[in-house]
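Chains as they are written, first to last, in UniProt numbering: chain A, 1 to 183; chain B, 1 to 183. Cβ coordinates follow ideal geometry from the N, Cα and C atoms, glycine included.
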DNA sequence: CCTGAATGAGACAATCACGTCTCATTCGGC
DNA sequence: GCCGAATGAGACGTGATTGTCTCATTCAGG
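The following block contains the structure:
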């Protein structure tokens, strides 16, 4: 009986990522619930978006914790991060593209913290000599978001197999498209 | 006096990419024109989006032509492609994220053609031994879109210098983040 | 300088989405 | 089987957006 809040938000993210102008009614239908029920759980569209943001922060935080970014070398940590990110990809893709939230008011504290942690991972990789230094850590962080989003949509649209999600992103991000002699 | 159609569309793309729910009035203000004038040039929101799509196809077609994808080896062609893509990045980023257009009706013929050309480039690189084959050409195509979009926003938000746009994307896409021994 | 086209601002009705409400129904717990 | 809570469907008023219109102003070209 009780509506699965997380499920509703996931469905909303998937829909809004592709059709941002969807009405509350469309969002409700996509989540398989009635419009009235949607309003019972989220006061309005703004509240829904904010809940989406909080869910993303919460999930990504868990993913970062699970990835243990400080252990092993940076490439290995990045692989773990990408693997953990898979479950968050849908919500993350939405939040990455629709960051209207962040521009208006104060940048969400939680996001800044998460951003810093990923940024630190790339920086560590550069300092330890595993990552190239001609690509800024800030750009690598953005690129990670972009690739996760692209990967999520590619899987959703059937252009990439779900099982290839982690491999496709991590390998491209680490080694690029060029065929390498080593390894 | 005459409104610069291309300028209006570019401004609209930049706004809609970040705030997809913007009203026609906001779009008009962002383009520096009145709402009435916007309606004179584009019958409605749908017509505006469609014009945006056509502009993107037209510009990307030109970019692909200028990049001469069939010449030299695939990596060199890809570098040229990324460089040419820079000017299209804004519109492209919008169309990539808001592809609600493509799902409903018949996939736009023009987009399928462009997609095929980029896809063919990656495939050629794989066949000639320059690109790794464990990453599908379809995924590399999607990744290119994602990185161009991420790059456009990173530049727009000041996280990446405009002059680094091409280098950041092309190098990451080709060589990845890992520091390489060769080259 | 003159003329006509194009623009910006605003008014206007119509449409749409929103948020709230009611009511019958369904589901879960006891 | 009963009861209460939650849900779905729909109605309703409200506010915002849309698309069209008018009118004064501005601009470009002759």
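Task: Cβ separation of residue 171 of chain B and residue 134 of chain A, assumed to be a contact under 8 Å, to the nearest whole Å - done: Walking along the second chain from the start, residue 171 of chain B turns up at place 171. Walking along the first chain from the start, residue 134 of chain A turns up at place 134. Confirmed, Cβ separation roughly 7 Å.
Next item on the list: For residue 43 of chain B, count neighbouring C-beta atoms within 10 Å of its own C-beta (all shown protein chains included) and say buried if the count is 16 or more, exposed if not.
Entry: Mapped onto the second chain, residue 43 of chain B falls at position 43. By the neighbour-count rule (16 or more Cβ atoms within 10 Å), residue 43 of chain B is not buried but exposed.
Please classify residue 128 of chain A as buried or exposed, where buried requires at least 16 neighbouring CB atoms within 10 angstroms.
Along the first chain, one-based indexing puts residue 128 of chain A at 128. Its Cβ having fewer than 16 others within 10 Å, residue 128 of chain A is exposed.
Looking at chain B, is there any beta carbon in it that lies within less than 8 Å of the beta carbon of residue 42 of chain A? Indexing the first chain from 1 puts residue 42 of chain A at position 42. Answer no: the Cβ-Cβ gap between residue 42 of chain A and chain B never drops below 8 Å.
Just to confirm my understanding: we take residue 177 of chain A, look at its own chain, exclude 5 residues before and 5 after, and list those with CB closer than 7 Å. What are they? By one-based count along the first chain, residue 177 of chain A stands at place 177. Contacts found: none.
- Task: Let me know the secondary structure DSSP gives residue 131 of chain A once reduced to three states.
- Result: As a working note, residue 131 of chain A is residue 131 in the first chain. Note: residue 131 of chain A maps to strand in three-state DSSP.
- Query: Using a beta-carbon distance below 8 Å, is residue 166 of chain B in contact with chain A?
  - Reply: Indexing the second chain from 1 puts residue 166 of chain B at position 166. Judged by the 8 Å Cβ criterion, residue 166 of chain B is not in contact with chain A.
Which bits of chain A does residue 130 of chain B rub up against, with CB to CB less than 8 Å? Here residue 130 of chain B refers to the residue found at position 130 when the second chain is read from its first residue. Near residue 130 of chain B (Cβ distances below 8 Å), the residues of chain A are 178, 179.
**Q.** Per DSSP, cross-strand counterpart(s) of residue 5 of chain B
**A.** By one-based count along the second chain, residue 5 of chain B stands at place 5. In the DSSP output, where bridge partners are listed per residue, residue 5 of chain B has none listed.
* Asked: Listed in chain order, which residues of the stretch 88–99 of chain B have Cβ atoms closer than 7 Å to some Cβ of chain A?
  -> 97, 98, 99
*Relative to the alpha-carbon of residue 11 of chain A, which residue among A:40, A:27, A:92, A:146 has its alpha-carbon at the smallest distance?*
Residue 11 of chain A sits at position 11 when you count from the first residue of the first chain. When only C-alpha atoms are compared, the closest one is A:27.
field: Bridge-paired residues (DSSP) for residue 178 of chain A
entry: To locate residue 178 of chain A, count along the first chain from 1; it is residue 178. In the DSSP output, where bridge partners are listed per residue, residue 178 of chain A has B:131.
**Asked** DSSP three-state call for residue 53 of chain A: helix, strand or coil?
**Response** Sequence index remark: in the first chain, residue 53 of chain A carries index 53 (1-based). The answer is helix: DSSP assigns residue 53 of chain A an H, G or I state.
_Burial state of residue 23 of chain A (16 or more Cβ within 10 Å)_ = Counting from one through the first chain, the residue named residue 23 of chain A turns up at place 23. Under this definition residue 23 of chain A is an exposed residue.
Check: Name the chain B residues that come within less than 7 Å of residue 135 of chain A, Cβ to Cβ?
Finding: Reading the first chain from its first residue, position 135 is the one you call residue 135 of chain A. Going along chain B in sequence order, the residues near residue 135 of chain A (Cβ under 7 Å) are 168, 171, 172, 177.
Practice prompt. Report yes or no: is there a C-beta of chain B within less than 8 Å of the C-beta of residue 140 of chain A?
Written response: Here residue 140 of chain A refers to the residue found at position 140 of the first chain. Taking Cβ atoms only, chain B reaches closer than 8 Å to residue 140 of chain A, which makes this a yes.
Discussion item. As a quick exercise: from B:21, B:67, B:39, pick the residue whose alpha carbon is nearest that of residue 118 of chain B.
Written reply: What you label residue 118 of chain B is simply residue 118 of the second chain in a count that begins at 1. The option with the nearest alpha carbon to residue 118 of chain B is B:67.
(Q) Suppose you measure from the CA of residue 141 of chain A to the CA of residue 160 of chain B; what does that come to, to the nearest Å? (A) For this step, residue 141 of chain A is matched to residue 141 along the first chain. For this step, residue 160 of chain B is matched to residue 160 along the second chain. Looking at the two C-alpha atoms, the distance is approximately 11 Å.
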